[in-house]
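Residue numbers (my numbering): 126 to 229.
The structure is reproduced here in structure tokens:
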């Protein structure tokens, strides 16, 4: 189990198509710039992680992302802004199973 996710974890991973991570005891916000170099990312599965915030700009430029799953992540009503997902124009599948999506 990882408790701190380095913001530069995916730096330079320009050909990355899928990113999966689950069962970690993260706290606070997902690093805002973690996906800045992954513009080809198509699938993101982040299961059972303990982030409580998605900062604005986290998904900026991820226009090829088709699948996003945050199953088991417990976001609150103020965990992210209404426009945090605006760049995800190719998104076809999106879920927040077993979590509070904050979309009230």
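Here a beta-carbon is modelled for each residue, glycine too, at the ideal position from N, C-alpha and C. All figures in this text were calculated on a predicted structure; none of them were measured in a lab.
- In the DSSP assignment, residue 220 is bridged to 194.
- For the pair residue 178 and residue 143, the CB atoms are not nearer than the 8 Å cut-off.
- The Cβ atoms of residue 218 and residue 195 lie no closer than 8 Å to each other.
- If the five residues before and after residue 215 are omitted, its C-beta is found closer than 7 Å to the C-beta atoms of 188, 189, 190 and 191, all from its own chain and listed in chain order.
- With fewer than 16 other beta carbons inside 10 angstroms of its own, residue 131 counts as exposed.
- For the set 209, 208 and 129, the Cα lying nearest the Cα of residue 146 is the one of 129.
- Residue environment for residue 171: buried (at least 16 other C-beta atoms within 10 angstroms of its C-beta).
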